[in-house]
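Trainee: Same order as they appear, the protein sequences are chains Z and U. Taking numbering that gives the first Met the number 0, the leading residue of the first sequence gets 0, the next gets one more, and so forth. Taking numbering that gives the first Met the number 0, the leading residue of the second sequence gets 0, the next gets one more, and so forth. Backbone N, C-alpha and C fix where the C-beta goes; we use that ideal spot for every residue, glycine too.
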Amino acid sequence: MIEILHFFDVFTSSLDVFIDGLWITLKLSVVSLFIAIIIGLFFAILKISNIKPLQWIADGYIWIVRGTPLIVQIFILFYGLTDILLIPMFWAGAAGLAFHSGAYIAEIIRGAIQSIDQGQKEAARSLGMTKSLSMRRIILPQAFRRAVPSLGNQFIIGIKDSSLVSFIGMQDLFGVASTMGSNTFDFFPYFLTVAVYYLLIVLVLTFVVNKVEKRLAVSD
Amino acid sequence: MDGKEMLRVEQLNKSFGDLNVLKGVDLTVNESDVVVLIGASGSGKSTLLRCLNFLELKNSGRIIVEGEQVEPKTHDLNKVREKVGMVFQHFNLFPHKTVLGNVIEAPIQVKGIDKKEAMEEGKALLNKVGLGDKYDVYPSKLSGGQKQRVAIARALAMKPDIMLFDEPTSALDPELVGEVLTTMKELAQDGMTMVVVTHEMGFAREVADYVLYMHEGQIVEYGHPSEIFDNPKEERTRAFLNSVL
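Structure representation (structure tokens):
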């Protein structure tokens with residue numbers, strides 16, 4: 000009982016410090032996932048192209064991302080980008096996360112594109128549409144619809160994975176919790192607090208994804 | 000009586016791997032002709048049709064569209080496809096677009112027609128195929144026959160000179176076949192040049208100017224419907240007709 004009261008006390012009194020961390024986590028997640036979608040779309044299209052060397056490039060990228068821990072990727076990109084290219088820490092973190100999520104998103108989008116019936120492409124081409132026009136206007140809109148549940152899932156993973164940027168010194172939600180815990184030697188309530196923040200973010204995101212799914216379902 | 004030549008195929012060969020699907024096919028289609036291809040499944044009639052708008056690329060032979068020999072390597076096939084509309088067995092409507100959205104997509108995106116104008120023309124076409132009350136409906140809400148009529152309107156919206164029909168009624172419930180055939184008949188009466196692959200022998204007999212019987216990648220016999228149906232010269236044609244009629 001005392002523990003629970005203490006947690007509520009920590010939770011309410013730490014609101015202002017966690018707000019800063021929340022802002023960084025959200026900014027980082029949105030920026031990195033936005034870049035990841037572009038990376039993912041790019042590599043998905045390489046993979047479905049009929050040009051072998053392009054497929055190899057996409058395979059290589061996906062192999063590297065899947066074959067190494069995210070924390071290693073973040074460290075490599077952080078030390079590479081901030082030391083050698085003098086890029087700010089935020090962008091190094093965002094690049095690391097985007098580089099990672101991009102591979103998974105590429106596979107999600109590729110699968111969705113390939114699941115669209117071949118007849119859709121044929122109908123588009125038979126109307127005189129070019130390859131890229133039929134991809135943009137006919138295939139991709141359908142593929143994105145189909146990919147929404149998996150993409151939502153990947154976004155949730157991406158938001159939670161963003162906590163790893165605290166290891167390169169960023170004061171995101173998890174970074175704030177670590178710092179507060181170390182400063183006060185009172186780790187438990189702070190990590191419990193940060194768990195609540197992540198739960199709330201994921202709750203909101205899940206709600207949004209469900210809404211989007213419903214809205215896109217009007218044509219079904 | 001023969002109009003201008005719209006489409007000519009000379010010595011067309013097409014194979015998938017080791018399988019020769021088309022073996023030296025010759026075919027001429029003149030303006031306003033309705034040519035119906037019949038034959039057993041696997042005889043190559045759908046492949047022939049798909050070669051005509053280059054959804055399948057020939058191995059050898061010539062395809063001449065409105066007097067111009069079309070080579071996939073040197074010609075912009077998209078430009079050719081604008082002139083050659085196609086209707087598919089499985090409709091292939093765009094499920095994420097409304098009925099009207101399906102019809103106006105290509106005129107706007109490919110031909111660059113003003114949206115307002117495209118919508119007016121699209122609505123006129125939908126009225127013509129009897130779907131004037133379905134503009135804003137999504138394809139998933141339509142019956143098979145309605146879907147196929149939207150697909151016909153969608154192809155017509157590009158104002159093609161030639162229309163190809165690939166078994167347009169084969170995926171339909173029997174009671175819905177009639178409405179699609181009626182639409183096609185009206186199109187033929189308007190003077191559209193049509194090449195139709197179908198198993199509907201009644202339609203072939205009534206509407207076709209020429210009927211072609213295909214067997215194992217070759218055109219075995221062609222002629223006016225009365226010649227083919229009432230007095231086939233070839234034994235293989237007779238055997239096929241006996242099996243389907």
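Buried or exposed for U/Met0, please, with buried defined as at least 16 other CB atoms from any protein chain shown within 10 angstroms of its CB.
Mentor: The residue given as residue 0 of chain U occupies position 1 in the second sequence. Only weak support is given to the placement of U/Met0: the predicted model assigns it a pLDDT of 44, under 50, and the question is left unresolved by the model.
Trainee: Can you pull the DSSP bridge partners for U/Thr192?
Mentor: Locating residue 192 of chain U in the second sequence gives position 193, counting from the first residue. Paired residues: U/Ile161.
Trainee: Does the beta carbon of Z/Ser125 sit closer than 8 Å to a beta carbon anywhere in chain U?
Mentor: As a first step, residue 125 of chain Z is located in the first sequence; it is residue number 126 there, counting from the start. Yes - at least one Cβ of chain U is within 8 Å of the one on Z/Ser125.
Trainee: Provide the residue(s) that pair with U/Asn19 in DSSP beta bridges, ordered along the chain.
Mentor: Locating residue 19 of chain U in the second sequence gives position 20, where the first residue counts as 1. The partner list for U/Asn19 (beta bridge, DSSP) reads U/Ser14.
Trainee: Spell out whether any CB of chain U is found under 8 Å from the CB atom of Z/Thr11.
Mentor: Here residue 11 of chain Z refers to the residue found at position 12 of the first sequence. Chain U contact via Cβ: absent.
Trainee: Under a CB-based cut-off of 8 Å, is Z/Glu106 close to chain U?
Mentor: Here residue 106 of chain Z refers to the residue found at position 107 of the first sequence. Not one chain U Cβ lies under 8 Å of Z/Glu106.
Trainee: Give the secondary structure of U/Met5 by DSSP, where H, G and I count as helix, E and B as strand, and everything else as coil.
Mentor: Locating residue 5 of chain U in the second sequence gives position 6, counting from the first residue. Residue state, collapsed to three classes: strand.
Trainee: Under 8 Å, Cβ to Cβ, is there at least one residue of chain Z near U/Tyr134?
Mentor: Here residue 134 of chain U refers to the residue found at position 135 of the second sequence. Closer than 8 Å: no.
Trainee: In the DSSP assignment, find the alpha helix (DSSP H) that holds U/Arg153 and state where it starts and stops.
Mentor: Sequence index remark: in the second sequence, residue 153 of chain U carries index 154 (1-based). Unbroken alpha helix (DSSP H) run through U/Arg153: Gly143 to Leu155.
Trainee: Three Cβ pairs or more, each shorter than 8 Å: is that satisfied between the region 11-31 of chain Z and the region 176-195 of chain Z?
Mentor: These segments touch.
Trainee: How many angstroms separate the CA atom of U/Gly84 from the CA atom of Z/Lys210?
Mentor: The count along the second sequence starts at 1 and reaches residue 84 of chain U at position 85. The count along the first sequence starts at 1 and reaches residue 210 of chain Z at position 211. About 38 Å.
Trainee: Does DSSP classify U/Gly222 as helix, strand or coil?
Mentor: Locating residue 222 of chain U in the second sequence gives position 223, where the first residue counts as 1. Correct three-state label for U/Gly222: strand.
Trainee: Please check the pair U/Ser42 and U/Glu215, which I expect to be a contact at CB under 8 Å, by giving their CB distance rounded to whole angstroms.
Mentor: Taking the second sequence and counting its residues from 1, the one referred to as residue 42 of chain U is at position 43. Taking the second sequence and counting its residues from 1, the one referred to as residue 215 of chain U is at position 216. At roughly 6 Å, the Cβ-Cβ gap stays under 8 Å, so U/Ser42 and U/Glu215 are in contact.
Trainee: Looking at chain U, which residues of the region 114-138 of chain Z have a Cβ within less than 7 Å of any of its Cβ atoms?
Mentor: Residues passing the 7 Å Cβ filter: Gly118, Gln119, Glu121, Ala122, Arg124, Ser125, Leu126, Gly127, Met128, Thr129, Leu132, Arg136 and Ile137.
Trainee: Taking Cβ positions only, does U/Met0 come closer than 8 Å to chain Z?
Mentor: Here the question's residue 0 of chain U lines up with position 1 in the second sequence. For U/Met0, the pLDDT reaches just 44, beneath the cut-off of 50, and the residue's location in the model is therefore unreliable, although a value from the coordinates is still provided. Not one chain Z Cβ lies under 8 Å of U/Met0.
Trainee: Would the region 92-112 of chain U and the region 132-146 of chain U be scored as touching if the rule is three or more Cβ pairs under 8 Å?
Mentor: Yes: the two stretches touch, three or more of their Cβ pairs being nearer than 8 Å.
Trainee: From this set, U/Glu220, U/Met183, U/Pro224 and U/Ser225, which residue's C-alpha is nearest U/Glu233's C-alpha?
Mentor: Taking the first residue of the second sequence as 1, we reach residue 233 of chain U at position 234. Taking only the C-alpha atoms, the option nearest U/Glu233 is U/Glu220.
Trainee: Taking the straight line between their C-alpha atoms, what separation do you get for U/Glu226 and U/Gln88?
Mentor: In the second sequence, residue 226 of chain U corresponds to position 227, counting from 1. In the second sequence, residue 88 of chain U corresponds to position 89, counting from 1. Roughly 28 Å between the two C-alpha positions.
Trainee: What is the DSSP secondary structure of U/Gly111, counted as helix, strand or coil?
Mentor: Taking the second sequence and counting its residues from 1, one reaches residue 111 of chain U at position 112. Coil.
Trainee: Who are the neighbours of Z/Ser218 on chain U, taking C-beta pairs under 7 Å?
Mentor: For the purposes of this step, residue 218 of chain Z is taken as the residue at position 219 of the first sequence. Under the 7 Å cutoff, chain U gives Pro94, His95, Tyr137 and Ser139.
Trainee: Would Z/Gly59 be called buried (16 or more neighbouring beta carbons within 10 Å of its own) or exposed?
Mentor: Numbered from its first residue, the first sequence carries residue 59 of chain Z at position 60. Looking at its Cβ environment, which holds fewer than 16 other Cβ atoms inside 10 Å, Z/Gly59 is exposed.
Trainee: Counting only C-beta atoms, is U/Gln68 closer than 8 Å to chain Z at any point?
Mentor: Here residue 68 of chain U corresponds to residue number 69 of the second sequence, with the count starting at 1. So, not an interface residue.
Trainee: State the DSSP-derived secondary structure class of U/Ser59, mapped to helix, strand or coil.
Mentor: Taking the second sequence and counting its residues from 1, one reaches residue 59 of chain U at position 60. U/Ser59: strand per DSSP, three-state reduction.
Trainee: Is the region 178-190 of chain U touching the region 155-172 of chain Z, taking contact as three or more C-beta pairs under 8 Å?
Mentor: No, they do not touch.
Trainee: Mind pulling the chain U residues with CB within less than 7 Å of Z/Pro140?
Mentor: Taking the first residue of the first sequence as 1, we reach residue 140 of chain Z at position 141. Under the 7 Å cutoff, chain U gives His95.
Trainee: Using 10 angstroms around the beta-carbon of Z/Asn182, count the other beta-carbons present and answer buried if the total reaches 16, otherwise exposed.
Mentor: As a working note, residue 182 of chain Z is residue 183 in the first sequence. Label assigned to Z/Asn182: exposed.
Trainee: How should U/Pro167 be labelled, buried or exposed, when 16 other C-beta atoms within 10 angstroms of its C-beta is the threshold for buried?
Mentor: The count along the second sequence starts at 1 and reaches residue 167 of chain U at position 168. Label assigned to U/Pro167: buried.
Trainee: Starting from the Cα of Z/Arg145, find the closest Cα among Z/Thr129, Z/Arg136, Z/Gln113 and Z/Ile61 and give me that residue.
Mentor: Within the first sequence, the letter at position 146 stands for residue 145 of chain Z. Nearest of Z/Thr129, Z/Arg136, Z/Gln113 and Z/Ile61 to Z/Arg145, Cα basis: Z/Gln113.
Trainee: What's the gap between the Cα of U/Asp160 and the Cα of U/Ala154?
Mentor: Start at 1 with the first residue of the second sequence, and residue 160 of chain U comes out as number 161. Start at 1 with the first residue of the second sequence, and residue 154 of chain U comes out as number 155. Roughly 11 Å separates the two Cα atoms.
Trainee: To the nearest angstrom, how far is it from the Cα of Z/Val207 to the Cα of Z/Leu139?
Mentor: Against the first sequence, residue 207 of chain Z aligns to sequence position 208. Against the first sequence, residue 139 of chain Z aligns to sequence position 140. C-alpha separation (whole angstroms): 21 Å.
Trainee: Contact criterion: CB-CB distance below 8 Å. Does U/Glu104 meet it with respect to chain Z?
Mentor: Taking the first residue of the second sequence as position 1, residue 104 of chain U is located at position 105. So yes, U/Glu104 belongs to the interface.
Trainee: Just confirm the distance between the C-beta atoms of U/Val206 and U/Asp165, as a whole number of angstroms; I'd bet it's less than 8 Å.
Mentor: Taking the second sequence and counting its residues from 1, one reaches residue 206 of chain U at position 207. Taking the second sequence and counting its residues from 1, one reaches residue 165 of chain U at position 166. With a Cβ gap of about 16 Å, U/Val206 and U/Asp165 do not count as contacting.
Trainee: In the structure shown, what three-state DSSP assignment does Z/His99 receive?
Mentor: Looking up residue 99 of chain Z in the first sequence gives position 100. DSSP places Z/His99 in helix when its eight states are reduced to three.
Trainee: Can you give the Cα-Cα distance for U/Leu18 and U/Leu11, rounded to whole angstroms?
Mentor: Residue mapping note: residue 18 of chain U aligns to position 19 of the second sequence, counting from 1. Residue mapping note: residue 11 of chain U aligns to position 12 of the second sequence, counting from 1. Near 14 Å, if we compare the C-alpha coordinates of U/Leu11 and U/Leu18.
Trainee: Any idea what DSSP makes of U/Met0, helix, strand or coil?
Mentor: For the purposes of this step, residue 0 of chain U is identified with residue 1 of the second sequence, where counting begins at 1. Residue placement at U/Met0 is flagged as unreliable, the pLDDT there being 44, under the threshold of 50; the coordinate-derived value follows with that caveat. Here U/Met0 sits in coil by DSSP.
Trainee: Quick one: residues in its chain with C-beta nearer than 6 Å to the C-beta of Z/Val64, no 5 flanking neighbours on either side, listed in chain order?
Mentor: Along the first sequence, one-based indexing puts residue 64 of chain Z at 65. Once the five neighbours on either side are set aside, the close Cβ partners of Z/Val64 are His99 and Ala102.
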